[in-house]
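Engineer: Following this message is one structure expressed as structure tokens.
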Amino acid sequence: MADFPLMPLPDPAAGSLAVPVPVAADAATAHAAHETPSWLFRYVFSQDHKTIAKQYLLTGMAWALVAGTLSTLFRLQLGWPEGSMAWLRPVLGHWIVEGKLNPEFYLALVTMHGTIMLFFVLTAGLSGTFSNLLIPLQIGARDMASGFMNMLSYWFFFLSSAVMFASLFVETGPAAGGWTVYPPLSALPQAIAGSGLGQTLWLVSMVLFVVSTLLGGVNYITTILNLRTRGMSLTKLPLTIWAFLMTAILGVLTFPVLFAALLLLVFDRSFGTSFFLSDIYIAGQALSNQGGSPVLYQHLFWFLGHPEVYIVIMPGMGIVSEILATNARKPIFGYRAMIGSLAGILLLSFVVWGHHMFVTGMNPFLGSVFMFLTLIIAVPSAVKTFNWLATLWRGNIRFTTAMLFSIGFVSLFVAGGLTGIVLGNATLDIQLHNTYFVVAHFHLVMGSAAFFGMFAGVYHWFPKLFGRMLNEKLGNLHFWLTFVGVYLVFMPMHYIGIAGFPRRYYAWTAFDAFAQFGDLNRFISLAAIAVFLAQFIFLANFFHSIWRGRRATENPWRSNTLEWTTPVELGHGNWPGAVPAVYRWPYDYSKPGAVADFIPQTVPFLQTPESNLPQEQQWQGQASGE
9 MADFPLMPLP
19 DPAAGSLAVP
29 VPVAADAATA
39 HAAHETPSWL
49 FRYVFSQDHK
59 TIAKQYLLTG
69 MAWALVAGTL
79 STLFRLQLGW
89 PEGSMAWLRP
99 VLGHWIVEGK
109 LNPEFYLALV
119 TMHGTIMLFF
129 VLTAGLSGTF
139 SNLLIPLQIG
149 ARDMASGFMN
159 MLSYWFFFLS
169 SAVMFASLFV
179 ETGPAAGGWT
189 VYPPLSALPQ
199 AIAGSGLGQT
209 LWLVSMVLFV
219 VSTLLGGVNY
229 ITTILNLRTR
239 GMSLTKLPLT
249 IWAFLMTAIL
259 GVLTFPVLFA
269 ALLLLVFDRS
279 FGTSFFLSDI
289 YIAGQALSNQ
299 GGSPVLYQHL
309 FWFLGHPEVY
319 IVIMPGMGIV
329 SEILATNARK
339 PIFGYRAMIG
349 SLAGILLLSF
359 VVWGHHMFVT
369 GMNPFLGSVF
379 MFLTLIIAVP
389 SAVKTFNWLA
399 TLWRGNIRFT
409 TAMLFSIGFV
419 SLFVAGGLTG
429 IVLGNATLDI
439 QLHNTYFVVA
449 HFHLVMGSAA
459 FFGMFAGVYH
469 WFPKLFGRML
479 NEKLGNLHFW
489 LTFVGVYLVF
499 MPMHYIGIAG
509 FPRRYYAWTA
519 FDAFAQFGDL
529 NRFISLAAIA
539 VFLAQFIFLA
549 NFFHSIWRGR
559 RATENPWRSN
569 TLEWTTPVEL
579 GHGNWPGAVP
589 AVYRWPYDYS
599 KPGAVADFIP
609 QTVPFLQTPE
619 SNLPQEQQWQ
629 GQASGE
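9 is the number of the first residue of the sequence shown in the numbering used here; add one for each residue after it.
Here it is as structure tokens:
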């Protein structure tokens, strides 16, 4: 490829570094072939990665409202198990029996809340939004490798969502076997009401979801490896892109295993096979199923289930790394170590699934192997935490809303991760496995932390999504209510969990030993409801700012990465002319001797002789920075 001539820089005394834009001879006609699509193909069946990112975000937000509403309903039940819920009968209909919530419907609420939050919000909503938005923009690509496949990935997700949403209104109720849908409960349609049509729709929906995830993952990997702009070597990629790449690899390698497990479960439900069934009695009647094992399903499910934890959290790690460096005005500490820790998490996540199964009666030696590997995976996580804290240390920190949520992410990740070390010990896990201690752990380290990463990303890249700024005062209020509320919900859960308070119980009033925790459980419910209501501040800010927010400038955060070199009003193809070339890594913040406290990736070393390091002097005359 021939070198592009560079536009001259204005006088550095003007106050900021200019961004050199490569100019190609055919820049003006590079996209003349792109005709303006109709409304239907511009906003609905769009192949533009930015529109698809918005579709994922809005769909994920809708699902978060549904899941939050479900959690509010079952927290009302858990906080006041003896109270009347007759006032909900106009909404829940026959699921309110004699003023009480039907116990089977309680199981369905918990099942659907977990499924929606984990898969539809934190997997599709988080990864789908930011992988689609940032991968082409930060690597210097016009779009994804396959726009059509990208469009299909969203619409398979939407179809999956439609099927799952329809299951909420089935007369016999939605799936009620837990979000893990363990057999035999999920494999026998006659077991309980929630094992019938609702469970079938759950399985159909999840199969469609797996297809969506695989289509998206293959596209992300292909785009990152093949469509980087000139000069964008792997060592110049922002940590966001590394995180999205690792996430996509995890998804492509593990979701097919879940697909296989679901397919075998369908066979057991509908075709009389016994992959997961053996020696089953229902109402005193022996079934003919023999030779299967529900533990086999657990192995298949958790081979996806534990990497899924990192599929959820790794995009947040990348987003937070970028935001922390930008707003601390410092280079990210230990860039290569951060990449290595992501790779370590990627590899180790494949060999730790057994720690979810310590109570299945596995061989103690095998349990000790899984315990050792589980504790080892804490090492790369600790490396990331140390590097985040070192990035913050003595930084010139700007406390934007995105920065607050990023710091909150680190706080929650540390707090939840420490309890993970406790649960990684097989001896302790056997005692704590079915208690609220586990609920508190995974809601802190995965659920809440991932949500904070998602909020940080929305506040930071809202200008690229909609060309306007979110209200920072409302954002600050949203952060503090959510941050304090999350700790008020889940920290007490650790305490009552250690005391043996059981999870998945419809009511605890039958146990005298737990009566002393009644007030604390009501407090948890009140805090959970308050956190849910606080999210409406974000929603009001979000939708108001789309149309009435302050108009964004091209680079409002004074960042280095390529997406901030595009126009505020993004068109198809991202850059109106040729795609800029890259010369340096993305974290040249507060570099000694530099004119400004940030140097974009598109600025050649030739134009910054006053701040070049000794090893960078040799690159001054090179056109690509390679």
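Each residue gets a CB set at the ideal place from its N, CA and C atoms; glycine is no exception.
Under the assumption that V328 contacts A464 (Cβ atoms under 8 Å), give the Cβ distance between them as a whole number of angstroms.
Structural biologist: Rounded, the Cβ-Cβ distance is 6 Å, consistent with contact.
Engineer: Looking only at its chain, what residues have a beta carbon closer than 7 Å to the beta carbon of G601, apart from the 5 residues adjacent to it on each side?
Structural biologist: Only E618 and S619 meet the Cβ criterion.
Engineer: Is there at least one non-hydrogen atom of the ligand FMN closer than 7 Å to the beta-carbon of T569?
Structural biologist: Ligands displayed in this structure: none; no statement on the ligand FMN is therefore possible.
Engineer: Is it the case that the Cβ atoms of I331 and I353 are separated by a distance below 8 Å?
Structural biologist: In this structure, I353 does not lie closer than 8 Å to I331 by Cβ.
Engineer: Answer with buried or exposed for E571, where buried requires no fewer than 16 other C-beta atoms within 10 angstroms of its C-beta.
Structural biologist: Answer is buried; the Cβ neighbour count reaches 16.
Engineer: Measuring CB to CB, does A458 end up less than 8 Å from T427?
Structural biologist: For A458 and T427, no; Cβs fall outside 8 Å.
Engineer: Just tell me which of P191, A589, R511 and A538 has its CA closest to the CA of F275.
Structural biologist: Of P191, A589, R511 and A538, the residue nearest in Cα terms is P191.
Engineer: For G300 and L285, which I take to be in contact (beta-carbon distance under 8 Å), what is that distance rounded to the nearest angstrom?
Structural biologist: Correct: roughly 5 Å between the Cβ atoms.
Engineer: Count the other C-beta atoms from every protein chain shown that fall within 10 angstroms of the C-beta of A291, then say buried if there are 16 or more, exposed otherwise.
Structural biologist: A291 comes out exposed.
Engineer: Looking at F540: is its Cβ nearer than 8 Å to the Cβ of F522?
Structural biologist: No. Outside cutoff.
Engineer: Compute the Euclidean distance between the alpha carbons of M214 and D596, then round it to the nearest angstrom.
Structural biologist: Spanning the two alpha carbons is a distance of roughly 43 Å.
Engineer: Around the C-beta of T616, are 16 or more other C-beta atoms found within 10 angstroms, so that it is buried, or is it exposed?
Structural biologist: T616 should be labelled buried.
Engineer: Return the CA-CA distance between P612 and S154, expressed in angstroms with no decimal places.
Structural biologist: If you take the alpha carbons of P612 and S154, they lie about 31 Å apart.
Engineer: Rank D520, Q63 and K108 by C-alpha distance to the C-alpha of W95 and give the top, closest one.
Structural biologist: Of D520, Q63 and K108, the residue nearest in Cα terms is K108.
Engineer: Would you verify that the beta carbon of V377 is, or is not, closer than 8 Å to some beta carbon of chain D?
Structural biologist: Although the question refers to chain D, the structure presented lacks it and comprises just one protein chain.
Engineer: So the alpha helix (DSSP H) I545 belongs to, where does it begin and stop?
Structural biologist: Segment G526 to R556, the alpha helix (DSSP H) holding I545.
Engineer: Here's the rule I'm using: 16 or more other beta-carbon atoms within 10 Å means buried, otherwise exposed. How should Q623 be labelled?
Structural biologist: Q623 comes out exposed.
Engineer: Measure from the alpha carbon of G585 to the alpha carbon of each residue in A195, P500 and G148, then state which is nearest.
Structural biologist: Comparing Cα-Cα distances from G585 to each of A195, P500 and G148, the minimum goes to G148.
Engineer: Cβ of F531 within 8 Å of Cβ of A507?
Structural biologist: No, the Cβ-Cβ distance between F531 and A507 is not below 8 Å.
Engineer: Let me check one thing: in DSSP terms, what residues is F606 bridge-paired to?
Structural biologist: According to DSSP, which records beta bridges pairwise, F606 is partnered with Y597.
Engineer: May I have a chain-ordered list of the alpha helix (DSSP H) segments no shorter than 4 residues that lie completely inside the stretch 246-298?
Structural biologist: Entirely contained in the stretch 246-298, the alpha helix (DSSP H) runs reaching 4 residues are, in chain order, 247-278.
Engineer: Taking just the CA atoms, how far does I60 sit from L141?
Structural biologist: If you take the alpha carbons of L141 and I60, they lie about 8 Å apart.
Engineer: Run through DSSP, which three-state label would P339 get?
Structural biologist: Coil, per DSSP.
Engineer: Between the stretch 184-204 and the stretch 234-247, can you find at least three pairs of beta-carbon atoms closer than 8 Å?
Structural biologist: No, the stretch 234-247 does not touch the stretch 184-204.
Engineer: Kindly indicate the opening and closing residues of the alpha helix (DSSP H) around H57.
Structural biologist: H57 to G87 is the extent of the alpha helix (DSSP H) around H57.
Engineer: Spell out the partners DSSP gives P182 in its beta bridges.
Structural biologist: Beta-bridge pairing links P182 to G206.
Engineer: Closer than 8 Å is the cut-off here; do at least three beta carbon pairs connect the stretch 426-445 with the stretch 463-480?
Structural biologist: The stretch 426-445 vs the stretch 463-480: no contact.
Engineer: Give me the Cα-Cα distance between G280 and R97, rounded to the nearest whole angstrom.
Structural biologist: Straight-line Cα distance between these residues: approximately 38 Å.
Engineer: Is it buried or exposed for D437, if we count other Cβ within 10 angstroms and need 16 for buried?
Structural biologist: When all chains shown are included, D437 counts as buried.
Engineer: In the DSSP output, what is P510 paired with across the bridge?
Structural biologist: Bridge partners of P510: T443.
Engineer: Whose C-beta lies closer than 7 Å to the C-beta of F113 among residues of the same chain, with five residues either side of it excluded?
Structural biologist: These residues qualify, in order along the chain: W103 and G181.
Engineer: Between which residues of its own chain and S349 is the CB-CB distance below 7 Å, once the five residues before and five after are set aside?
Structural biologist: So the list reads P388, V391 and K392, once near-sequence residues are dropped.
Engineer: I'd like the list of long-range same chain contacts for G259, defined as Cβ closer than 6 Å, with 5 residues on each side in sequence excluded.
Structural biologist: Closer than 6 Å at Cβ, skipping near neighbours: T221, G225 and I319.
Engineer: What separation, rounded to the nearest whole angstrom, lies between the Cα atoms of L374 and V453?
Structural biologist: Cα-Cα distance, rounded: 26 Å.
Engineer: Closer than 8 Å is the cut-off here; do at least three beta carbon pairs connect the stretch 474-491 with the stretch 333-350?
Structural biologist: No, the stretch 474-491 does not touch the stretch 333-350.
Engineer: Excluding five sequence neighbours on each side, which residues of the same chain lie with their C-beta closer than 7 Å to the C-beta of G403?
Structural biologist: Once the five neighbours on either side are set aside, the close Cβ partners of G403 are A336, R337 and K338.
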